[in-house]
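Asker: First, the structure itself, so that you have it in front of you.
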Amino acid sequence: MFMGIAIAPIVALIAGILILFIPRLLNFIVALYLIIIGVLGLIGHYSAGVPI
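Set out below in structure tokens:
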């Protein structure tokens, strides 16, 4: 059985903790989170063989 780790919840948890301790990083963390989720979504989309 495949035991994969969901990346999005881990990234969200780390981002939330960093924002809690260093609020000035909010813009950077949000931008980085969106980029990571977007890239992972595209990788998953293309690796599944789904046409555009």
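Here my numbering is used: position 50 in the sequence shown is 42, and no number is missing along the way.
Glycine is no exception: its CB is placed at the ideal position from the N, C-alpha and C atoms.
From a predicted model like this one, the values you see are computed outputs, not experimental measurements.
Take the Cβ of I9 as the centre, count every other Cβ of all protein chains shown within 10 Å, and call the residue buried at 16 or more, exposed below.
Answerer: The sequence position of residue 9 within the sequence shown is 17, counting from 1. Under this definition I9 is an exposed residue.
Asker: Please tell me whether I(-1) and L32 are closer than 8 Å, where the distance is taken between their beta carbons.
Answerer: Taking the first residue of the sequence shown as position 1, residue -1 is located at position 7. Taking the first residue of the sequence shown as position 1, residue 32 is located at position 40. Yes, these two residues count as a Cβ contact at 8 Å.
Asker: For the alpha helix (DSSP H) holding P15, just list the boundary residues, first then last.
Answerer: As a position in the sequence shown, residue 15 is number 23, starting the count at 1. Taken as a continuous stretch (DSSP letters only), P15 belongs to no alpha helix (DSSP H), as it is neither H nor E.
Asker: Reducing DSSP to helix, strand and coil, say where A4 ends up.
Answerer: On the sequence shown, residue 4 is found 12 positions in, with the first residue counted as 1. Three-state DSSP puts A4 in a helix.
Asker: Taking the C-alpha atoms as reference points, what is the distance between L17 and L24?
Answerer: Here residue 17 corresponds to residue number 25 of the sequence shown, with the count starting at 1. Here residue 24 corresponds to residue number 32 of the sequence shown, with the count starting at 1. If I take the Cα positions, the gap works out to 10 Å.
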